[in-house]
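S.K.: Just dropping this structure here.
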Amino acid sequence: MKRYLFIISRSPYGSSHALEQLEAAMVAAVFDAKVAVLFRDEGAWCIQQHQAGAAIGQKTMTNVLAALPAYDVEELYVCADFLNTYQIQTEPTLSVMPIRLPEQQALISACDVVITAQP
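Residue numbers for the sequence shown follow this note's numbering, beginning at -19 and rising by one.
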């Protein structure tokens, strides 16, 4: 079974990149791929608690993330340095593991397919 890593590095609102990456991750998982998601850079805002996407007419990202376990997407990682720098409080209902750059590099190396969003 191939292992897929989806790297989300764009903010959750302002474009559809983060949501499209999550939807692609769910599709890959439906086809029995082993899927992990890494939130880095601006993508780390996706896991911030107290989001209200409906206020700007968009889906609330943490609600979408809460659906991932139903698709067997349970490996969620976030850049620990970004969390610390911006003092991001993660949504408590999400099981997200903070990892530093060396661990991110190891994760990327361990995956067969790495998917990132392009502009």
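Using N, Cα and C, we set each Cβ at its ideal position, and we do this for glycine too.
Candidates Tyr(-7), Gln1 and Ser(-4): which alpha carbon is nearest Leu(-15)'s?
M.R.: Checked all of Tyr(-7), Gln1 and Ser(-4); the closest Cα to Leu(-15) is Gln1.
S.K.: What do you get for Tyr(-7), buried or exposed, if any count of 16 or more other CB atoms within 10 angstroms of its CB means buried?
M.R.: Buried, since its Cβ has 16 or more Cβ neighbours within 10 Å.
S.K.: Nearest by alpha-carbon distance to Asn43: which of Glu22, Asp52 and Leu(-1) is it?
M.R.: Cα-wise, what sits closest to Asn43 is Leu(-1).
S.K.: Using the Cα positions of Cys26 and Thr73, report the straight-line distance between them to the nearest angstrom.
M.R.: Between Cys26 and Thr73, the C-alpha separation is close to 13 Å.
S.K.: Tell me the start and end of each unbroken alpha helix (DSSP H) in the region 1 to 51 that is at least 4 residues and wholly inside, in chain order.
M.R.: Counting whole runs of 4 or more residues, the region 1 to 51 contains the alpha helix (DSSP H) stretches 41 to 46.
S.K.: Just the C-alpha distance for Phe11 and Ala86, rounded to the nearest angstrom, thanks.
M.R.: Looking at the two C-alpha atoms, the distance is approximately 25 Å.
S.K.: Alpha carbon to alpha carbon, how far is Lys14 from Asp52? Give it in angstroms, no decimals.
M.R.: Distance between the alpha carbons of Asp52 and Lys14: 8 Å.
S.K.: Could you tell me if Glu71 is buried or exposed, where buried requires 16 or more neighbouring beta carbons within 10 angstroms of its beta carbon?
M.R.: It is buried - the Cβ of Glu71 has at least 16 other Cβ atoms within 10 Å.
S.K.: Whose C-alpha, out of Arg(-17), Met(-19) and Ile(-12), is nearest the C-alpha of Phe97?
M.R.: The residue you asked about is not Phe; residue 97 is Ala in the sequence shown. When each option's Cα is compared against that of Ala97, the closest is Ile(-12).
S.K.: Identify whether Ile68 lies in helix, strand or coil by the three-state DSSP scheme.
M.R.: Three-state DSSP puts Ile68 in coil, outside helix and strand.
S.K.: Taking the DSSP output, what are the residues bridged to Met77?
M.R.: DSSP lists Tyr57 as partners of Met77.
S.K.: Please list the terminal residues of the continuous beta strand (DSSP E) segment that includes Arg(-17).
M.R.: Note, Arg(-17): beta strand (DSSP E), Arg(-17) to Ile(-12).
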